[in-house]
Every structure is written in C-alpha cells, then in structure tokens.
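Chemist:
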Amino acid sequence: MSKLTAAITGVAGYVPDHVLSNDDLSKIVDTSDEWITTRTGIKERRIMKDGASSDMAVHAVNDLLAKTNTDPLEVDLVIVATVTPDHPFPSTSNILCDKTGMTKAWGYDLIAACSGFIYALATGSQFIETGLYKKVVVVGVDKMTSIIDYEDRTTCVIFGDGCGAVMLEPDTEGYGINDFILRADGSGKQYLVQPAGGSAMPASKQSVEDRLHFVKQEGKQVFKFAVTNMAEVSAEIMEKNNLTSDDVAWLVPHQANLRIIDATANRMGLSKDKVMINIQKYGNTTAGTLPLCLWDYEDQLKKGDNIILSAFGGGFTWGAVYIKWAYNS
Ligand code: UT7
56 MSKLTAAITG VAGYVPDHVL SNDDLSKIVD TSDEWITTRT GIKERRIMKD
106 GASSDMAVHA VNDLLAKTNT DPLEVDLVIV ATVTPDHPFP STSNILCDKT
156 GMTKAWGYDL IAACSGFIYA LATGSQFIET GLYKKVVVVG VDKMTSIIDY
206 EDRTTCVIFG DGCGAVMLEP DTEGYGINDF ILRADGSGKQ YLVQPAGGSA
256 MPASKQSVED RLHFVKQEGK QVFKFAVTNM AEVSAEIMEK NNLTSDDVAW
306 LVPHQANLRI IDATANRMGL SKDKVMINIQ KYGNTTAGTL PLCLWDYEDQ
356 LKKGDNIILS AFGGGFTWGA VYIKWAYNS
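Read in our numbering, the sequence shown has 247 at position 192, and its numbers run on one by one without any break.
1) Could you tell me whether the Cβ atoms of Glu353 and Val113 are closer together than 8 angstroms?
2) With a 10 Å radius around its C-beta and 16 neighbouring C-beta atoms as the bar for buried, classify Thr227 as buried or exposed.
3) Below 8 angstroms CB to CB, which residues in the same chain sit around Ala258 once its five sequence neighbours on both sides are set aside?
4) With a 10 Å radius around its C-beta and 16 neighbouring C-beta atoms as the bar for buried, classify Arg266 as buried or exposed.
5) Compute the beta-carbon to beta-carbon distance between Cys211 and Ala115, rounded to the nearest angstrom, for a pair I have assumed lies under 8 angstroms.
6) Buried or exposed for Asp302, please, with buried defined as at least 16 other CB atoms from any protein chain shown within 10 angstroms of its CB.
7) Determine the extent of the alpha helix (DSSP H) in which Phe182 is found, giving its start and end residues.
8) Once DSSP output is grouped into helix, strand and coil, what is the label at Thr319?
9) Which residues bound the alpha helix (DSSP H) around Arg94?
10) State the Cα-Cα distance for the pair Ala220 and His309, rounded to the nearest angstrom.
11) Work out the CA separation of Lys122 and Asp141 for me, nearest whole Å.
12) Are at least three pairs of beta-carbons, each pair with one atom in the region 77–94 and one in the region 138–157, less than 8 angstroms apart?
13) When you compare only the Cα positions, how much space is there between Pro145 and Thr344?
14) Less than 7 angstroms between C-beta atoms, sequence neighbours within five positions excluded: which residues of the same chain meet that for Arg208?
15) Using a threshold of 8 angstroms, state whether the C-beta atoms of Val133 and Ile232 are closer than that.
16) Alpha carbon to alpha carbon, how far is Glu206 from Cys152?
17) Quick one: residues in its chain with C-beta nearer than 7 angstroms to the C-beta of Asp88, no 5 flanking neighbours on either side, listed in chain order?
18) What are the start and end residues of each continuous beta strand (DSSP E) run of 3 or more residues lying completely inside the region 75–138, in chain order?
19) Go ahead and label Lys358 buried or exposed: buried means 16 or more other beta carbons lie within 10 angstroms of its beta carbon, across all protein chains shown.
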C-alpha cells in the first residue's frame, strides 16, 4: 500500500464584521497610524463584540463542511489551536463539535500561542498518516480582544480576532503535509505571557486590579528571537527537503510583524509575490493567522504547489510545515 499523507482538502475562515482602524486606536491610546504602519504593517484589525472563540469557529467550520461536502457526522477528530478558549474547560473543541453537529468526533484544544496552528496541523496529520482516521478538522482561532489591555499601547495595536479551519483527508499520491519541524523553548516564557488566570496565579481581586489577566509582551526581545528563529527554521525545512527558492510557490508566514515576514522571505530567497500577507487588514490573530492566509489566497493556489508555513510565538514556540497543495480551486 502507498504511503498515506494528510492532504488539506478545504479551507475556510471567519473574521468579525467590526473593523478597528489605526485611527480609531489613536483615540484610545497614545499612538498613530504612522507608528503602527511603519513598525508592524498593520492598518486595521477585526473585533468580536459579542460571543466567544467557538462562535467564530462555528462560522468557519460550517463553511468548511459545506465546501468539502462533508456530513458533520463523518468527522473523526477536531483539534482547536487557541490561547483564548471559551473556558479553561470544557474544551472549545467539545463545544464546537456540539454546535456544528460533529457529534461522532472527539477533540481537544492545543496551546502553542502563535505556533498553535502548525502544532495542530502536525498533530492532526498523524491520525491520517497512521490510517486511523479519514477526516480531521484543524482550527486556529483566537479572540485576542478578550485578553488585550486597551490601556497598553504596546500590545493593543497588534492583535485582532479571527478564525481559520482546514480539513485533512488521506492521500496516496504525496499531496498534503510532507514534513514539519517544530521547536519550543520554555525559557522564553517571561517575554510573552498572560500572567494570571492559570494555576500559577489564580484570579483574585489583586490580579484583576494589577491587570495581570492581559497579555504582557516585551516586544523587542520577542522580535529578536522571532526574526532569527522563523527565518532559520524556514530555511532548514527547505534544505531538509531539497527545495530551492524556485521550487517554493508560497510562504505562509505568521502575521505578527511585516519586518519579521520580510526577513523570513529574504532568508528563503523568495520574492515578495510568493509571500502571503494579510496583516494589514487583520493584525495578529495568533492561532488564526496561517489558516486565514490560506483562506484569503486559496483561489491562487494550484495542485502541486510547494508551500511552507512558518510561525513563531509565545512559549517560545516556533516551526515550519512543508505542504504539497492538493487541489485547484
Ligand atoms: O505573534 C507572537 C510573536 N510576537 C511578535 O513576533 C512581536 C515581535 N515584536 C514586534 O513586532 C515589535 O517589537 C513591536 C511591534 C511590538 C514593537 O516595535 P519596536 O520597533 O520593537 O518598538 P519598541 O518596543 O522598541 O518601542 C519603540 C518606541 C518606544 O518609545 P521610546 O522608549 O523609544 O520612547 C515605545 O514606548 O515606541 C514606543 N511605542 C509606541 N509608540 C506609539 C510602543 N508602542 C507604541 C505605539 N504607538 N503603539
């Protein structure tokens, strides 16, 4: 029997309607469109006024099931990458399965911050490659506005809300996830963290007063690690798979900062027209960035395209995934 690979057979996304522009933010904190645009590349981001992460995921997954002609009862496993689950428990995956009728599936949430989607993709692909499952849904979703401090100009200008989802199915011709390199370094914990709300610092009057339930980031430090590691791991996966820059059709980079994206593309020898970029309209949606890129660019993807997904995030976590695209839209 030929080797099984996990092919992405469909992609869907959802972003809330409400747009928060850089000019809107300059009325809330001491910032400007000029600062945000030149330092990050972000022009606007989407804000979810009501509802939870699972509500965004319901939109994306319902669309995904329709696009791939999948009966919800056929889905075997649902992995939700998120740092903003509906609740610490039950898992957002459980809630999503109930809301979308995927009631024969089991699933779990996976925390790897901005690398969540590639961690989940690599994990989900194993259940397909072993022949155990036929349909695995991988979701990347974050309602970052639920953990962002709108008094902290160093973080509130960066993040937004959004969700993307893909379907994984078995393939015998080599399409789909061909390789991945995933890394983690927990010594980077203090540079990007939500300090309170977990077992290390349960919620208290003091933790709320000290605003410790919000994301804290030492941007310069994170930038330094991100720019090096995302570029290096992307080049490493190319070398490991004997791919030249001509062989790579697309880089799908985590959308945290246009300068990090540019450095990664340069290290890989890729011209800008091969790089998926939507940071200007969504900002950093954490686990949502990569599937939202695939969703936005789906029409331009061709069967056989070599695609490198690459991310860096809190933890630290980082990595790259090499995919051979499985279909023409
Ligand atoms: O997605 C997960 C991984 N995260 C990342 O990859 C993020 C990596 N880091 C970054 O993208 C960048 O470090 C930031 C965009 C967060 C910040 O850009 P920076 O060029 O590193 O700025 P900085 O933190 O060095 O701050 C420069 C100046 C400071 O003022 P002083 O000390 O020079 O007077 C800040 O206080 O800019 C100031 N500043 C702002 N000014 C206007 C910080 N935030 C703002 C703001 N508006 N929103």
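Note that beta-carbon positions come from the ideal geometry of N, C-alpha and C, so glycine has one too. As the structure is a prediction and not an experimental result, all values here were calculated from the model.
Modeler: Concretely, from the data shown:
1) no
2) exposed
3) Ala251, Gly252, His268
4) exposed
5) Their Cβ separation, rounded to whole angstroms, is 24 angstroms, which puts Cys211 and Ala115 out of contact at 8 angstroms.
6) exposed
7) 171–184
8) helix
9) 88–95
10) 15 angstroms
11) 26 angstroms
12) no
13) 24 angstroms
14) Val84, Asp85, Thr86
15) no
16) 35 angstroms
17) Asn77, Asp78, Ser81
18) 99–102, 132–136
19) exposed
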